[in-house]
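Here's the structure we're looking at; comments come further down.
2 protein chains.
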Amino acid sequence: MKKARSGASARRQIAGTTPAAKVPTAAAGKVAANSRASRGAGRRETILAAALDEFSARGFEATRLDDVARRAGVAKGTIYLYFRDKETLFQELVRAMLTPVIGGIEAMGESDLPVNLLAERIVDLFVREIYETRRQDVIRLMISEGRRFPKLAEFYYREVLSRAVDAMRALLTRAAARGEVPRALVEFPQLIAAPALVAIVWSGLFERYAPLDVRRMLKAHIDLLFVPGRVA
Amino acid sequence: MKKARSGASARRQIAGTTPAAKVPTAAAGKVAANSRASRGAGRRETILAAALDEFSARGFEATRLDDVARRAGVAKGTIYLYFRDKETLFQELVRAMLTPVIGGIEAMGESDLPVNLLAERIVDLFVREIYETRRQDVIRLMISEGRRFPKLAEFYYREVLSRAVDAMRALLTRAAARGEVPRALVEFPQLIAAPALVAIVWSGLFERYAPLDVRRMLKAHIDLLFVPGRVA
DNA sequence: GATCACTGACTGACTGGTCAGTCATTTATA
DNA sequence: TATAAATGACTGACCAGTCAGTCAGTGATC
Numbered sequence: 002m003k004k005a006r007s008g009a010s011a012r013r014q015i016a017g018t019t020p021a022a023k024v025p026t027a028a029a030g031k032v033a034a035n036s037r038a039s040r041g042a043g044r045r046e047t048i049l050a051a052a053l054d055e056f057s058a059r060g061f062e063a064t065r066l067d068d069v070a071r072r073a074g075v076a077k078g079t080i081y082l083y084f085r086d087k088e089t090l091f092q093e094l095v096r097a098m099l100t101p102v103i104g105g106i107e108a109m110g111e112s113d114l115p116v117n118l119l120a121e122r123i124v125d126l127f128v129r130e131i132y133e134t135r136r137q138d139v140i141r142l143m144i145s146e147g148r149r150f151p152k153l154a155e156f157y158y159r160e161v162l163s164r165a166v167d168a169m170r171a172l173l174t175r176a177a178a179r180g181e182v183p184r185a186l187v188e189f190p191q192l193i194a195a196p197a198l199v200a201i202v203w204s205g206l207f208e209r210y211a212p213l214d215v216r217r218m219l220k221a222h223i224d225l226l227f228v229p230g231r232v233a
Numbered sequence: 002m003k004k005a006r007s008g009a010s011a012r013r014q015i016a017g018t019t020p021a022a023k024v025p026t027a028a029a030g031k032v033a034a035n036s037r038a039s040r041g042a043g044r045r046e047t048i049l050a051a052a053l054d055e056f057s058a059r060g061f062e063a064t065r066l067d068d069v070a071r072r073a074g075v076a077k078g079t080i081y082l083y084f085r086d087k088e089t090l091f092q093e094l095v096r097a098m099l100t101p102v103i104g105g106i107e108a109m110g111e112s113d114l115p116v117n118l119l120a121e122r123i124v125d126l127f128v129r130e131i132y133e134t135r136r137q138d139v140i141r142l143m144i145s146e147g148r149r150f151p152k153l154a155e156f157y158y159r160e161v162l163s164r165a166v167d168a169m170r171a172l173l174t175r176a177a178a179r180g181e182v183p184r185a186l187v188e189f190p191q192l193i194a195a196p197a198l199v200a201i202v203w204s205g206l207f208e209r210y211a212p213l214d215v216r217r218m219l220k221a222h223i224d225l226l227f228v229p230g231r232v233a
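Protein chains in written order, with the working numbering: chain A, 2 to 233; chain B, 2 to 233.
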């Protein structure tokens, strides 16, 4: 990661530090199809999409911004109109992709369905919204590169993981009170999510040697944990 | 990953492709303390140790061989006397660190102790031999970089993972026959190891924000799976 | 609606630092 | 002394980030 030259950019730092962002939603409104405004609005998303492809194929270091630019159909300089530097681009990508799922996760924590039923909904949410989605790649990137981006790891922990864990814990606490779930799970909600992590890591590394039926594995897992007549 | 120049090295490819290797054992025998032979024998291990430090701190791409050399107290050229290139160095490191644990894992698969007891031994083996060891870093590297080293991923799958999975499955099959374990586990032995993966990933990314008592989590997990009076 | 000055998004050749890999030379041993 | 081992200055590819220049689009004016 080359150190930025001292008198760095910031010549006209447009959007690199915009707080929120959403990548998939494309066209932004009512403006004429090819007007300057509407094209400009799509640029950022186009670049993020290209960055997702390149970063998830090659990892952070090995990704060349020339390639991102080419894939986005844009000159390299344009990237720097929207993102301060490569690192910011990466972080914004993670933010943009993962922020939207937070709500869904927290909503789950408030439901009062019996756990075994709720568990199936959560599995379904994971498979449809993450595992069968580009978000899987983003989480994989997070796992792979997170260590060298403490800021990003903290963001991810604060904005995504800790919320998911808390929601899970709330849900499990209520279920445990009803005797539907052993108390140990309340202390380590990670145990519920562990197979999801396995799914993501496994599919990235070993899918070709030993494919994994993720849905069935997750189903098996909840069947193991939520045995109706078990000793709590 | 700069592409290796075409007429690449291989000038005198000494050890880069030696099949087996063990990194930690230092002094190799009976030779006079500072003889060339004995020093030469240690070089490879010294370099691997330095490489472990650098790779696990920075990842594959960001690691500079100049730093590895400095840390090993060796000139950069020396590295190329023992390893064909950076990639080979990385792969040999993973090989050297993980090959030794295979035996221990397979031995576990043959025991006929009751599962709940055996499970505690396995947890103990994992914590002592991997989690509290530099091997944790190597596995983390494997997870992070494995995708871009299909050869290495295959090696790891073939020589380590598949053996572990098979051993686990054998063990679980017998336990299931005795009714100690639900049959679903036999189909997805990954479910047993999942929390170990969580431990490694979590400690790498979030330890500072939310420390995790890994031993207790793993204990909680086996208590959840191996409830004595459960319905098989 | 035709003309034109103005704007700023976009471009891409360029710079400067970086680093994997090389090899002529030096050093240590047998 | 002969030889293998080790060295580290060097080369060349490489790429993040820069910035002077271009030109499509805009909107004011006649």
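Glycine included, C-beta positions come from ideal geometry on N, C-alpha and C.
Output needed for residue i: all residues of its chain with C-beta closer than 6 Å, excluding positions within five of it in sequence on either side, in chain order.
i       : result
L213(B) : W203
D138(A) : S57
F150(A) : none
Which whole-angstrom value describes the C-beta separation of residue i and residue j, a residue pair presumed to lie in contact below a C-beta threshold of 8 Å?
i       : j       : result
A200(A) : Y157(A) : Incorrect: roughly 18 Å between the Cβ atoms, too far for contact.
P183(A) : V166(A) : Contact flag wrong, Cβ pair sits at about 18 Å.
A236(A) : V75(A)  : Because residue 236(A) is not part of the residues shown, which for chain A are 2 to 233, the question remains open.
I119(B) : L172(B) : Going by the sequence as given, residue 119(B) is Leu instead of Ile. Between L172(B) and L119(B) the Cβ distance is about 7 Å, and since that is below 8 Å, they are a contact.
L219(B) : P196(B) : 6 Å
V187(B) : A177(B) : 5 Å
F61(A)  : E155(A) : Between E155(A) and F61(A) the Cβ distance is about 17 Å, and since that is not below 8 Å, they are no contact.
R72(B)  : E55(B)  : 6 Å
M143(B) : I123(B) : About 20 Å separates the two Cβ atoms, so there is no contact after all.
V128(B) : V215(B) : 7 Å
E107(A) : A63(A)  : Actually they are not in contact, since the Cβ atoms of E107(A) and A63(A) sit about 35 Å apart, beyond 8 Å.
Within the 8 Å Cβ cut-off, does residue i reach chain A?
i       : result
V199(B) : yes
A52(B)  : no
T26(B)  : Note on T26(B): pLDDT 37, under 50, position unreliable in the model; the coordinate value appears next. No, T26(B) lies away from the interface with chain A (no Cβ there is under 8 Å from its Cβ).
Y83(B)  : no
I106(B) : no
P115(B) : no
E62(B)  : yes
L202(B) : The amino acid at residue 202(B) is misidentified as Leu; the sequence shows Val. So yes, V202(B) belongs to the interface.
Return the chain-ordered list of same chain residues with a C-beta closer than 8 Å to the C-beta of residue i, the five sequence neighbours on each side being excluded.
i       : result
R217(A) : none
R141(A) : S57, I201, V202 and G205
On the DSSP letters alone, give me the boundaries of the alpha helix (DSSP H) that residue i sits inside.
i       : result
L114(B) : Taken as a continuous stretch (DSSP letters only), L114(B) belongs to no alpha helix (DSSP H), as it is neither H nor E.
I131(A) : Here I131(A) belongs to no alpha helix (DSSP H), and DSSP marks it neither H nor E.
A73(B)  : L66 to A73
Y157(B) : P151 to Y157
V182(B) : Segment: none, V182(B) is in no alpha helix (DSSP H) and carries neither H nor E.
V95(A)  : K87 to L99
V202(B) : Q191 to L206
R217(A) : V215 to L226
V161(B) : Unbroken run through V161(B): none, as it is neither H nor E.
Y81(B)  : K77 to Y83
E62(B)  : Element bounds for E62(B): n/a, residue is neither H nor E.
R141(B) : R136 to E146
Answer yes or no: does any C-beta atom of chain B fall closer than 8 Å to that of residue i?
i       : result
L206(A) : yes
V102(A) : no
Suppose the cutoff is 7 Å on Cβ atoms and the five residues either side in sequence are ignored; what does the same chain contact list for residue i look like?
i       : result
K77(B)  : L66, D67 and A70
V161(B) : L99 and I103
G105(A) : L126 and E130
P115(A) : E181
L192(A) : L186
D224(A) : none
R170(B) : V187 and P190
Check: Just by C-beta distance, which residues in the region 160-194 of chain A are closer than 9 Å to chain B?
Finding: Legend: CB atoms of the region 160-194 of chain A lying less than 9 Å from CB atoms of chain B belong to residues L162, S163, V166, P183, A185, L186, E188, F189, Q191, L192 and A194.
Next item on the list: Would you list, in chain order, the members of the region 209-231 of chain A that have their beta-carbon closer than 9 Å to a beta-carbon of chain B?
Entry: Residues passing the 9 Å Cβ filter: R209, Y210, A211, L213, D214, R217, M218, K220, A221, H222, D224, L225, L226, V228, P229, G230 and R231.
Checklist line | the region 121-155 of chain A: positions lying closer than 7 Å to chain B by Cβ | finding: The region 121-155 of chain A vs chain B, Cβ under 7 Å: I144, S145, G147, R148, R149, A154 and E155.
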